[in-house]
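Encoded as structure tokens, the structure appears first; notes follow it.
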Amino acid sequence: MAKWYTVTNTETPDDDENDARDRLLAAWPGAPLENIEMLSMLLTTAKGDVIAYAPEPADDEDIENDPLDRYVLAQLKQARNIWNDGSVDSEGQIGDGGFTFTPRPLDRTIRGVIRHRSGKPRVL
201 MAKWYTVTNT
211 ETPDDDENDA
221 RDRLLAAWPG
231 APLENIEMLS
241 MLLTTAKGDV
251 IAYAPEPADD
261 EDIENDPLDR
271 YVLAQLKQAR
281 NIWNDGSVDS
291 EGQIGDGGFT
301 FTPRPLDRTI
311 RGVIRHRSGK
321 PRVL
């Protein structure tokens, strides 16, 4: 069962908050832990973006408390993209030399993770 990424253990407050941070750092080694408030905002915003873009859940689905693995992956990627978006150079790129990256929040890759394409043509 996947769990949304957080910087605190809100589900089990008695547990050590470092568990949530260790889990996040294992998935995102460059996470900006020096500013917990900013990191929390990034993760919350990314979670909201994923939920807003996700298809309407079935009656037995609870995206908030029991998200699909792909939604959690999309949350992590979206949080990284939002963070990287604030770290770009004047031309909108991250990196130096011949290797650069232009972050695109909720880009096509992330949208594809959230909503799978069936590969079936649509006939109107």
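The number in the numbering used here is simply the position in the sequence shown, starting from 1, with 200 added.
Every residue gets a Cβ at the ideal spot worked out from N, C-alpha and C, and that includes glycine.
Sequence-distant residues of the same chain with beta carbon closer than 6 Å to residue i, five excluded per side
| i | result |
| --- | --- |
| Ser240 | Val207 |
CB contact flag (residue i, residue j, <9 Å)
| i | j | result |
| --- | --- | --- |
| Ala315 | Pro255 | According to the sequence as given, residue 315 is Arg; it is not Ala. Their beta carbons are under 9 Å apart, which means Arg315 touches Pro255 by this criterion. |
| Ala279 | Trp228 | yes |
| Trp204 | Leu233 | no |
Neighbourhood of residue i by C-beta, 7 Å cutoff - its chain only, sequence neighbours within 5 removed
| i | result |
| --- | --- |
| Ile236 | Val207 |
Collapsed DSSP secondary structure at residue i in the structure displayed
| i | result |
| --- | --- |
| Ile282 | helix |
| Ile263 | coil |
| Leu242 | helix |
| Arg315 | coil |
| Thr309 | helix |
| Leu224 | helix |
| Ala274 | helix |
Cα-Cα separation between residue i and residue j, rounded to whole angstroms
| i | j | result |
| --- | --- | --- |
| Asp260 | Asn281 | 31 Å |
| Leu225 | Pro257 | 29 Å |
| Tyr271 | Met238 | 21 Å |
| Ala252 | Ala220 | 24 Å |
| Val250 | Asp285 | 17 Å |
Residues of its chain near residue i, where Cβ-Cβ distance is below 8 Å and the 5 sequence neighbours each way are ignored
| i | result |
| --- | --- |
| Asp269 | Ala202 |
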